[in-house]
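Encoded as structure tokens, the structure appears first; notes follow it.
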Amino acid sequence: MSNPTETAFLKLVNQHKGILYKASRIYADSIEDREDLQQEILIQLWKSYQSFKGNSEFSTWMYRVAINTAITYLKKEKQRSGNHTDAPHHFEVQQEDYNPTKDKQLEIFYNAVQELNSLEKAVIFYFMEGMSHKEIGSNLGLSEGNARVKLNRTKEKIQQIIKKSGYEL
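As structure tokens, then:
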């Protein structure tokens, strides 16, 4: 991998790899699906990297690509079962540290998130990344007030789902 564009790309992706993990946890439930989705997001990022102008933060752009890819990928996944196309690139992303206690809580949280619709998932994803109501709104084409209401309702919905499942965070 001596291509300077590829090196710069991988450096940026590794700096923001949390986006990959969170997007795949929110939009896919099995480990295999998560890994496939991470690869798919990486491929889409790489394909559109040439058109990334740097007008926005790399991370902002990466969120958009990750969410759009996750949503379209899952629609496609439901239509085709089992036949995987070979990816042109297999990107390696460094793994996160594993913390079982924290991980159990995350597991419960992510299981609840699985039950949200795609807009709610996007709202929670952006919220988890520490974005303001204004930023969430502008990423999703909502007003700041609308984003705040949507986020609060989504948080309540997650709590209800967790309570219903009998778990406590």
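Okay, so the sequence shown: first residue is 53 according to my numbering, each after it adds one.
Note that CB positions come from ideal geometry on N, CA and C, so glycine has one too.
Cβ-Cβ distances below 8 Å link ILE71 to SER111, MET114, TYR115, ALA118, GLU181 in the same chain, with the five nearest sequence neighbours on each side left out; the list follows chain order. Per DSSP, PHE104 lies in no alpha helix (DSSP H) and is assigned neither H nor E. Distance between GLY218 and GLN102, taken at the CA atoms: about 47 Å. Contact between the segment 84-98 and the segment 172-181 is absent: fewer than three C-beta pairs spanning the two stretches fall below 8 Å. Burial state of VAL201 is exposed, judged by a 10 Å Cβ sphere holding fewer than 16 other Cβ atoms. The way I'd put it, the segment 180-197 doesn't touch the segment 206-214; fewer than three beta-carbon pairs between them come closer than 8 Å.
The shortest C-alpha to C-alpha distance from GLU87 to any of LEU64, LEU126, PRO56 is the one to LEU126.
Looking at ALA75, GLU84, ASN107, ASN163, the one whose alpha-carbon comes closest to that of LYS216 is ASN163.
With 16 or more other CB atoms across the displayed protein chains lying within 10 angstroms of its CB, ASN191 is buried. Going by DSSP, ASN55 is part of no alpha helix (DSSP H) at all; its letter is neither H nor E. Judged by their CB atoms, THR124 and ALA75 are not nearer to each other than the 9 Å cut-off.
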